[in-house]
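For reference, each letter of the sequence shown is one residue, going 1 to 144 in the working numbering.
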Amino acid sequence: MTETRNMKRPMSPRRKRYTTGIILALLVGAVIGAVMQLGEPSNGTAGLVLLGDTPLTPGFATGAAILWTVGLAVCLVIYHRSVDDHEEHAYLWAGLAAWYTFTLSAPTWWVLHRASLAPAPDVMLLFVGALAVNVVVWLWLKYR
Numbered sequence: 001m002t003e004t005r006n007m008k009r010p011m012s013p014r015r016k017r018y019t020t021g022i023i024l025a026l027l028v029g030a031v032i033g034a035v036m037q038l039g040e041p042s043n044g045t046a047g048l049v050l051l052g053d054t055p056l057t058p059g060f061a062t063g064a065a066i067l068w069t070v071g072l073a074v075c076l077v078i079y080h081r082s083v084d085d086h087e088e089h090a091y092l093w094a095g096l097a098a099w100y101t102f103t104l105s106a107p108t109w110w111v112l113h114r115a116s117l118a119p120a121p122d123v124m125l126l127f128v129g130a131l132a133v134n135v136v137v138w139l140w141l142k143y144r
């Protein structure tokens, strides 16, 4: 008799594409973050350069922008070719919730800043906030 408990089922081509897309997206972000962190000279402050607003070198900024745009565009094509209807539904609603978050918060913050009631809008904070909403809604819709 064959022992079935320890046998692993082979991954389907769709699952392989999905995993490849996610791993590539993680690698794009990790490479950009690591190069940014390692390439920044320490000025006595500890912390993540990614969360700061110190100037970047033009070479790094150009490379990071190209890698981010091209790398994630490729990952998105791979992702969308491999997801099922349920995940696509979760992805679309999560993206819409993130868009609503951004379109409500960015103009509000900008108007308050124009009236000197708030500091200048922080684009990365708005991006991270919208991304957090995206992740929460996607996880809720996918795994509920």
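Glycine included, C-beta positions come from ideal geometry on N, C-alpha and C.
Specify, as a first and last residue, the run of the alpha helix (DSSP H) that M11 falls within. Unbroken run through M11: none, as it is neither H nor E.
Is D53 helix, strand or coil when you go by DSSP? coil
I want to see whether chain D comes within less than 8 Å of P13, judged by CB atoms only; does it? Included in the structure is just one protein chain, with no chain D present.
Assuming I78 contacts R17 (C-beta within less than 8 Å), just tell me the rounded distance between them. 6 Å
Is L141 near A98, with beta carbons less than 8 Å apart? no
May I ask you to report which of helix, strand or coil DSSP gives P119? coil
Work out the CA separation of A132 and V123 for me, nearest whole Å. 14 Å
Cβ neighbour criterion (16 or more within 10 Å) applied to S82: buried
So, is G21 buried or exposed, given that buried needs 16 or more other C-beta atoms within 10 angstroms? buried
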